[in-house]
Amino acid sequence: LNLNQPLLRAAALLHDIKRKEPHHARAGSTYLKRLGFNRVADIVACHMTLHFSRFTSDITEAEVLFLADKLCLGDCFELNFKQRFMDKINQNPSAEKEILLRYDTARHIQARIETIKGSPIFQGSQHPSPDFCAPPRAD
Numbered sequence: 001l002n003l004n005q006p007l008l009r010a011a012a013l014l015h016d017i018k019r020k021e022p023h024h025a026r027a028g029s030t031y032l033k034r035l036g037f038n039r040v041a042d043i044v045a046c047h048m049t050l051h052f053s054r055f056t057s058d059i060t061e062a063e064v065l066f067l068a069d070k071l072c073l074g075d076c077f078e079l080n081f082k083q084r085f086m087d088k089i090n091q092n093p094s095a096e097k098e099i100l101l102r103y104d105t106a107r108h109i110q111a112r113i114e115t116i117k118g119s120p121i122f123q124g125s126q127h128p129s130p131d132f133c134a135p136p137r138a139d
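Residue numbers for the sequence shown follow the numbering used here, beginning at 1 and rising by one.
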């Protein structure tokens with residue numbers, strides 16, 4: 001994968017900067033653009049919703065962030081993200097179509113990465129246990 005890792009890292013760290021606000025992806029993007037971080041803002045803007053029609057032949061930083069956002073829950077890493085989507089549908093049945101589109105998009109990105117890589121995203125010793133969580137932070 002030919003990714004701009006500093007750009008992706010910045011977007012990953014900042015993607016939920018406005019998490020407490022409605023439409024936080026758009027709010028975060030707007031905030032970052034005002035600060036002059038236009039490329040980071042463009043990635044942050046689509047970390048919640050990314051459509052197949054936007055895919056290019058190469059995997060983009062926006063796609064990696066979109067998938068990572070679905071694989072992580074707080075400080076935990078969740079390989080079975082399907083259950084998270086099903087829980088969201090149960091919490092908000094009227095949003096089922098949108099939620100399933102996000103799930104399909106995440107699975108599509110995962111499949112594209114695995115095809116390029118020639119193996120599962122996590123393999124052997126790289127594969128965290130299903131309940132893997134980062135150690136608690138000392139605040």
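For every residue, glycine included, the Cβ atom is placed at its ideal position computed from N, Cα and C.
CB of residue i within 8 Å of CB of residue j, strictly
i, j, result
"L65", "A27", "no"
"L14", "L1", "no"
"H23", "D16", "no"
"V44", "L7", "no"
"E61", "N4", "yes"
"I59", "I99", "no"
"F122", "L79", "yes"
Status (buried if at least 16 other CB within 10 Å, exposed otherwise) for residue i
i, result
"H127", "Confidence is the limiting factor: at H127 the pLDDT is only 47, short of 50, which leaves the residue's position unreliable, though a coordinate-based value still follows. Exposed is the call here."
"C46", "buried"
"S94", "exposed"
"L73", "exposed"
"S119", "exposed"
"K18", "buried"
"S29", "buried"
"L50", "buried"
Residue(s) in a DSSP beta bridge with residue i
i, result
"F77", "C72"
Q. Are the segment 57-74 and the segment 100-109 touching, with three or more C-beta to C-beta distances below 8 Å?
A. yes
Q) Does the segment 98-106 touch the segment 79-89, meaning 3 or more C-beta pairs lie closer than 8 Å? A) yes
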